[in-house]
Amino acid sequence: MDIELFNKYKKLGRGNWGKDLTIWKTMYTAFLSPLRNAELTPLNEMFLNIFLDIFKARKEGKPIIMHPFNYEPELFFTMEIAPLMQEVISVGLAPFHMNQPYIDFANKIGYGDNPTICNAQRPIISLLMQGAAPMPDLLCFLSTPCNSLSMSYQVFQNLTGIPSFNIDIPYWAYEQENDYYDDKTVDYIISQTKNCVNWMENQTKLKFKEENFKQTMDLCNQARGYVLEFNELLKAVPCPVTSQTGFWNFMTMVTRGGTLDAVKTTKWMRDEAAENVKNGIGGIPNEKIRIAWPYTHIFYDQALLTWIEKTFNAVVIMDLLGHYKVLPHDTSTIENCYKSLAKGTLDASMVGKCRGPIEYYIQYMINYIKDYKIDCVIMPMHFACKHVSIMGQVTSEAIKEETGIPSLIFGCDSYDSREVTSEAIKDKISDFVSQVVI
Ligand code: SF4
Numbered sequence: 004m005d006i007e008l009f010n011k012y013k014k015l016g017r018g019n020w021g022k023d024l025t026i027w028k029t030m031y032t033a034f035l036s037p038l039r040n041a042e043l044t045p046l047n048e049m050f051l052n053i054f055l056d057i058f059k060a061r062k063e064g065k066p067i068i069m070h071p072f073n074y075e076p077e078l079f080f081t082m083e084i085a086p087l088m089q090e091v092i093s094v095g096l097a098p099f100h101m102n103q104p105y106i107d108f109a110n111k112i113g114y115g116d117n118p119t120i121c122n123a124q125r126p127i128i129s130l131l132m133q134g135a136a137p138m139p140d141l142l143c144f145l146s147t148p149c150n151s152l153s154m155s156y157q158v159f160q161n162l163t164g165i166p167s168f169n170i171d172i173p174y175w176a177y178e179q180e181n182d183y184y185d186d187k188t189v190d191y192i193i194s195q196t197k198n199c200v201n202w203m204e205n206q207t208k209l210k211f212k213e214e215n216f217k218q219t220m221d222l223c224n225q226a227r228g229y230v231l232e233f234n235e236l237l238k239a240v241p242c243p244v245t246s247q248t249g250f251w252n253f254m255t256m257v258t259r260g261g262t263l264d265a266v267k268t269t270k271w272m273r274d275e276a277a278e279n280v281k282n283g284i285g286g287i288p289n290e291k292i293r294i295a296w297p298y299t300h301i302f303y304d305q306a307l308l309t310w311i312e313k314t315f316n317a318v319v320i321m322d323l324l325g326h327y328k329v330l331p332h333d334t335s336t337i338e339n340c341y342k343s344l345a346k347g348t349l350d351a352s353m354v355g356k357c358r359g360p361i362e363y364y365i366q367y368m369i370n371y372i373k374d375y376k377i378d379c380v381i382m383p384m385h386f387a388c389k390h391v392s393i394m395g396q397v398t399s400e401a402i403k404e405e406t407g408i409p410s411l412i413f414g415c416d417s418y419d420s421r422e423v424t425s426e427a428i429k430d431k432i433s434d435f436v437s438q439v440v441i
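Here is the structure:
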């Protein structure tokens, strides 16, 4: 990065962020430092803004709302409330194992254990009790994808007394051709969205402006269009990007959906993929195996996918979160903007595939395997994801029957390296690839 720009970002981060934002500030500094000798991509720039915007909001007395990884921030940007995705902290600490003391503290106070309550949220309760959790003004969360998430947000709300709004996600489909169609699905989300707007207006005294909403949803849909094109490009053989790349589309939409940052980042990712497809360049050299990874990454080991690439000349096409499938919609009227927001909520990465009957997930997987010419499926089954465990087993059988493709499912804690180690995971993957796939 240009040294002047680097110094500008350094200066922007100076000052007292407040005790509760100590970890947030540390994360900003840790993210910025290596950029001194690296290119400032739109993705990096977006991450810097994610951290800085919270500090800026605090300085300017602007409200901050905490939300989970499965709800996008378009409504919050519309209202000019700064969104803080909680998992940026709880999960962001995992690659450095800095979440472990907080996991241990949660155990000590009796707030669940690894197999029962998810470590994607559990550390926030420990951070809170030790005065290190960011203190938002508002809290918004969903009833999906699991009771564990919903419970941790309720505990946070009860311990802090921060006003919260909960959105209930229906089970049923909104497309008429779907066997599980219910004509009330989209309207049910829209009515809750409008209640959420009223709630935010009452809590903050800020006004919901229709022109802001329209502009936000236009930007959101522009970014969705780029992601859709990116997803299409990944059908090429060789796959034009590395295994981790798709995940950044998800991160972009869930932290900056509805902003220019998201448009710039998703366009940049689309352009990079398109350029490689045009030139026949693969994300990894000499691609031999294409893997579907229809669940979350092993967040505590950021080098695992690179190891898979190097060891087997295999590319993970996209993980479940990174396979962001929200389509762009018409946003010509305010009612259409509400519809688009509702459909985005229903189709969001993990929500869309896991919120209803198992058939949603099975169909998703069969299409994924056929569309992306997949050779095998690897599904790390996070211990706390009890609701998905059986779904994975049944789906792997359906996949085998319909496509003949083998699956590997293994238990682990995606956020805690002490439960199932990287080495044990690598052994399982090695056995599977060498004895079943090749
Ligand atoms: S990883 Fe599983 S248990 Fe954790 S929040 Fe997601 S769905 Fe819930």
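Just so you know, the sequence shown maps onto residues 4 to 441 in the numbering used here. Backbone N, C-alpha and C fix where the C-beta goes; we use that ideal spot for every residue, glycine too.
Contact belief for residue i with residue j at Cβ below 8 Å, rounded distance in angstroms
| i | j | result |
| --- | --- | --- |
| Leu344 | Glu77 | 6 Å |
| Gln160 | Leu142 | 5 Å |
| Arg259 | Ala265 | 4 Å |
| Pro323 | Tyr303 | Looking at the sequence provided, one finds Leu at residue 323 rather than Pro. Incorrect: roughly 17 Å between the Cβ atoms, too far for contact. |
| Phe315 | Val436 | 5 Å |
| Val440 | Asp378 | 6 Å |
| Tyr327 | Ser352 | 5 Å |
| Pro383 | Ser433 | About 15 Å separates the two Cβ atoms, so there is no contact after all. |
Cβ neighbours of residue i in the same chain (closer than 8 Å, five flanking residues each side left out)
| i | result |
| --- | --- |
| Asp23 | Gly134, Ala135, Ala136, Pro137, Met138 |
| Val397 | Ile361, Ile365 |
| Val200 | Leu78, Met82, Phe211 |
| Ile172 | Leu145, Ser146, Thr147, Ile192, Thr348, Leu349, Val354, Arg358 |
| Glu90 | Pro71, Phe72, Ala123, Gln124 |
| Lys376 | Lys238, Val240, Arg293 |
| Leu162 | Ile128, Leu131, Met132 |
| Val189 | Tyr177, Lys342, Ala345, Lys346, Leu349 |
Residue from the options with nearest C-alpha to residue i
| i | options | result |
| --- | --- | --- |
| Gln179 | Ile172, Lys187, Pro173 | Lys187 |
| Met220 | Leu15, Asn339, Val318 | Asn339 |
| Leu8 | Trp20, Asp185, Asn40 | Asn40 |
| Pro104 | Asp419, Gly21, Leu55 | Asp419 |
| Leu308 | Ile408, Gly249, Ile67, Lys376 | Gly249 |
| Ile26 | Ser36, Leu43, Ile92 | Ile92 |
| Asn215 | Gly21, Asp116, Phe80, Gly283 | Phe80 |
| Leu51 | Gln218, His332, Thr268, Asn19 | Thr268 |
| Glu232 | Ala276, Pro166, Tyr177 | Ala276 |
| Asp333 | Pro86, Leu222, His300, Gly18 | Leu222 |
| Val318 | Gly325, Lys291, Glu278 | Lys291 |
Extent of the continuous alpha helix (DSSP H) run through residue i
| i | result |
| --- | --- |
| Cys340 | 337-350 |
| Ile26 | 25-35 |
| Ser93 | 90-93 |
| Ser420 | Counting along the chain, Ser420 falls outside any alpha helix (DSSP H), and DSSP gives it neither H nor E. |
| Asn259 | In the sequence on display, residue 259 carries Arg and not Asn. That run of the alpha helix (DSSP H) goes 248-259. |
| Met138 | Neither: Met138 is in no alpha helix (DSSP H) and is coded neither H nor E. |
| Met49 | 45-63 |
Same chain, Cβ closer than 6 Å to residue i, five either side skipped, listed in chain order
| i | result |
| --- | --- |
| Pro118 | Phe386 |
| Asn289 | Asn316 |
| Ser425 | Asp304 |
| Lys431 | Phe413 |
| Ile84 | Pro66, Ile68 |
| Tyr31 | Gly16, Phe54 |
Segment limits, beta strand (DSSP E) that includes residue i
| i | result |
| --- | --- |
| Cys379 | 379-385 |
| Cys143 | 141-145 |
| Leu411 | 410-415 |
| Ala277 | Taken as a continuous stretch (DSSP letters only), Ala277 belongs to no beta strand (DSSP E), being part of the alpha helix (DSSP H) at 263-281. |
| Asp322 | 317-322 |
Own chain partners of residue i with C-beta closer than 7 Å, once the 5 adjacent residues on each side are dropped
| i | result |
| --- | --- |
| Leu15 | Leu55 |
| Ala97 | Phe302, Tyr303, Tyr418 |
| Asn110 | Asp116 |
| His390 | Cys149 |
| Tyr12 | Leu35, Leu51 |
Residue-level contact to chain B via CB, residue i, 8 Å cutoff
| i | result |
| --- | --- |
| Thr348 | Considering every chain present, this structure includes no chain B. It has just one protein chain. |
Which residues neighbour ligand 1 when neighbourhood means a C-beta less than 6 Å away from any of its non-hydrogen atoms? List them by chain order. My final list is Cys121, Ala123, Pro148, Cys149, Ser151, Leu152, Thr299, His385, Ala387, Cys388.
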